[in-house]
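Step one of this worksheet: look at the structure below.
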Amino acid sequence: MPLSEHEQRMLDEIERALYEDDPKFATSVNVSRIRRRRPIVAGCLFVAGLVALVVGVIATQSLLAVGVIVSVLGFLTMVAAVGLFVFGQPGARAAKGMDSKSADKSGPSLGNRMEERFRRRFDEPNQ
């Protein structure tokens, strides 16, 4: 769930205060460094899954059951790596600093439009 604009500002203020109070500790737990590692870890997992998939296909020549198991595990590792890469990243709106009410290029989603209509219906005074 992406952070709202207000929550992102508060988080930035907390990070700045941490850097001012204890810069040595702040650099040791640098969050942006962890965010940069996720795509690298996902890439390494994907390559490891690909290697396991190929090894499994080769192993099916002599040991059918073992080869199939290794191939399936390799494939699942690749799927998990793609999931980590895609879903492990911060949301696009949180990265852009947008809140849930602002629309992106494709426009608001159906849920957001329905929620906005609901709010307008009950927030506006009856005329």
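79 is the number of the first residue of the sequence shown in our numbering; add one for each residue after it.
Think of the CB as a built atom: it goes at the ideal place given N, C-alpha and C, for glycine as much as any other residue.
Note that this is a predicted model, so its numbers are computed, not measured.
For residue i, which residues in the same chain have their Cβ closer than 7 Å to its Cβ, ignoring the five residues on either side in sequence?
i	result
A137	V144, G145, V148
Determine the DSSP secondary structure at residue i, reduced to helix, strand or coil.
i	result
T138	coil
P80	coil
P186	coil
D90	helix
Are the beta-carbon atoms of residue i and residue j separated by less than 9 Å?
i	j	result
A158	G121	no
A130	G161	no
L207	M156	The structure shown does not extend to residue 207, since the chain is modelled only from 79 to 205, so the question has no answer here.
Excluding the 5 residues flanking residue i on each side, which residues of the same chain have their C-beta closer than 8 Å to its C-beta?
i	result
I150	According to the sequence provided, residue 150 is Val. The question's Ile does not apply to it. Result list for V150: G134, in chain order.
Q139	G145
What is the C-beta distance between residue i and residue j, in whole angstroms, given that I count them as a contact (C-beta under 8 Å)?
i	j	result
G166	R116	5 Å
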